Amino acid sequence: MLLFHKDWALHKALLSGVGLLALALAGPALASEGKILKRTPLCTEAISTCSVLFYLNSTDKVQVLRPSTDGKWLYIEYGPGQQKGWVHAEDLKLLSPQGMTYTTVQSFEQSALGLSLAPDFFGVLYPESLNRPQSDPLTFRLPLEAVPFSLLTDQSGQSLTVYYLSETEKRWFLTAVQPLTPPYPHFQTLLRFQKPDDFLGMAKIPAGLLVLGESEGAWGQSLVTGLDPEGIPFLLIQKPEEFVAYLPQEIRAVIRPENLRPVSLSPEGDLVFSTFHLALRRFVLLRFSYREGWLFHSLLLWPKDLSFRPDLPGLKMRLVTDAEQSYLFFQPPDQTAGFLGFYSGATQEPTILQALQKPVLDAVIYQKKLWTLHLDELRVWNPVFATEAAPTPAK
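Just so it is clear: in the sequence shown, position 245 is 245 by this note's numbering, and no numbers are missing.
This is how it looks when you write it as structure tokens:
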């Protein structure tokens, strides 16, 4: 049974108790815009003696993807051909968006549960009221007490795995189920958690699965756990301090290892810790990426306009990222929706910080645009610049 096909604009496939809505929609990228100030070369490298691809003219608009390590160059994308290269930072003016506005792509009659992302599509998981005959080999129902929170598909979109937390004797278990495995759904218990809030995210990587959160297995306790397809651990990290070894020396010198606090693990394998930067005298977020091992990726500054700190008890944060942009969702314990922060990659400060009035269940970056899932609808977001109308208040 093929659940998705990249050429289908809209397709609905049913499992008993679970419905999937597959979307294949395109749109322009969300990134920081910039305006060229004078005729300047587009370089192949961030050096003054670079090879020149061609020259950009004054008033040309480009997409700014990231700065060089010394901040003197900017990596940009230009034109319908999406030509990429480097320009001098002093030859470009950043046009920062004032906020974000959304379009409702799909409304749901039933509460949605989560999103599934693959290269050519993504799908929405939601409870399906229609029942299939119990004799049907594709019959699949989540336990009533389960908390489903993630879906993963293979590259072809022909298999589906649902991950959920369920409670047994006051302990929570991370379980994976493949509902389309004939002749019966395949269930696999992976990890134990003391409480559901201990789970902070997971990612699918070529080696298997990464899970962030204080958990237990037959091998003992761990903070970051890597599991192969058979559920055997290939990576066990017990304390946040173990990540200090991956930091550049200039950052190690201005933080206290014991203050590292795990924040979020994105589906792409990007891990975020919060800590206090002694030289900057403010909280920062340290982002690591897993690429056959951990690598330090970047430092992000904690938004100054937030009234709470990253060490606030009960604060929930979610990171959604790709190679060029990052979104952080902040939900303090006394609010039902929270805030959305957008980091463009061009600066360490958030380009946008916007209050949300509707809870976000899940979010993905699909074809370089942010998509958010809510109980009753799916939204796609766009930046609003100074020359445009003010953003639609989030509801």
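No residue lacks a Cβ here, since even glycine has one placed at the ideal position from N, Cα and C.
All values derive from a computational prediction rather than experimental measurement.
A contact is defined here as three or more CB-CB pairs under 8 Å, and the segment 203 to 216 meets this definition with respect to the segment 250 to 269.
Assignment of F108 by DSSP, reduced to helix, strand and coil, places it in the coil class. Residues L319, V320, T321, L340, G341, F342, Y343, A363, I365, L370 of the same chain have their beta carbon placed closer than 8 Å to that of Y327, with the five preceding and five following residues left out of the count. Per DSSP, Q249 is not a residue of any beta strand (DSSP E); the alpha helix (DSSP H) it occupies stretches across 249 to 252. Selection R192, V177, F187 evaluated against T168 yields R192 as nearest (Cα-Cα). Distance from T44 to L37 at the Cβ level is roughly 21 Å; contact not present, criterion being Cβ atoms closer than 8 Å. Within the same chain, L378, V380 come within 6 Å of V105 by CB-CB distance, once the 5 residues on both sides are set aside. Sequence-distant partners of W219 (beyond 5 residues in either direction) whose C-beta falls short of 7 Å from its own C-beta, in its chain, are P233, L236. With a contact defined as Cβ atoms closer than 8 Å, F283 and L247 miss out at about 16 Å.
Restricting attention to beta strand (DSSP E) runs no shorter than 3 residues, the segment 346 to 380 encloses them at 352 to 355, 362 to 366, 369 to 373, ordered along the chain.
Straight across, the Cα-Cα distance linking D228 with L210 is about 9 Å.
Here R261 is bridged, per DSSP, to S274. Under the three-state reduction of DSSP output, F330 falls in the strand class.
In this structure, Q354 and G99 form a Cβ contact; the two beta carbons are roughly 5 Å apart against a cut-off of 8 Å.
Linking V360 to T40 through their CA atoms gives a straight-line distance of about 42 Å. Per the DSSP secondary-structure output, K38 pairs with nothing in a beta bridge. Between the beta-carbon of L299 and that of Q348 there is about 6 Å, and that keeps the pair under the 8 Å contact cut. Under the criterion of beta carbons closer than 8 Å, Y78 and D60 qualify as touching, at roughly 7 Å. In the same chain as V62, and ignoring 5 residues on each side of it, the C-beta atoms closer than 6 Å to its own belong to G34, I76, Y78, in chain order.
Under the DSSP assignment, V284 falls in the beta strand (DSSP E) whose first and last residues are 282 to 290.
Under DSSP, Y102 takes part in a beta bridge, and its partners are W381. For V177, the closest C-alpha among the options R171, F187, K170 is that of F187. CA-CA distance, P350 to P303, rounds to 6 Å. In the structure shown, the three-state DSSP call for A89 is helix. Less than 8 Å divides the Cβ of E241 from the Cβ of E258. By the neighbour-count definition (other C-beta atoms within 10 Å, threshold 16), G293 is an exposed residue.
A straight line joining the alpha-carbon of R256 with that of T275 spans about 8 Å. Boundaries of the beta strand (DSSP E) around P233: 233 to 237. Taking a 10 Å sphere around the C-beta of S307, we find fewer than 16 other C-beta atoms and assign the residue as exposed.
The C-alpha of L375 lies about 15 Å from the C-alpha of G338. From the listed residues Q83, I47, P80, L301, the smallest Cα separation to S68 is found for I47. Taking each of K368, V384, P383, N382 in turn and checking the Cα distance to Q82, the smallest one comes out for K368. Approximately 6 Å separates the beta-carbon atoms of R261 and F273; this is inside 8 Å, confirming the contact. Going by DSSP, L223 is part of the beta strand (DSSP E) stretching over 220 to 227.
Excluding residues up to 5 positions away in sequence, L299 lie with their Cβ nearer than 7 Å to the Cβ of I251 in the same chain.
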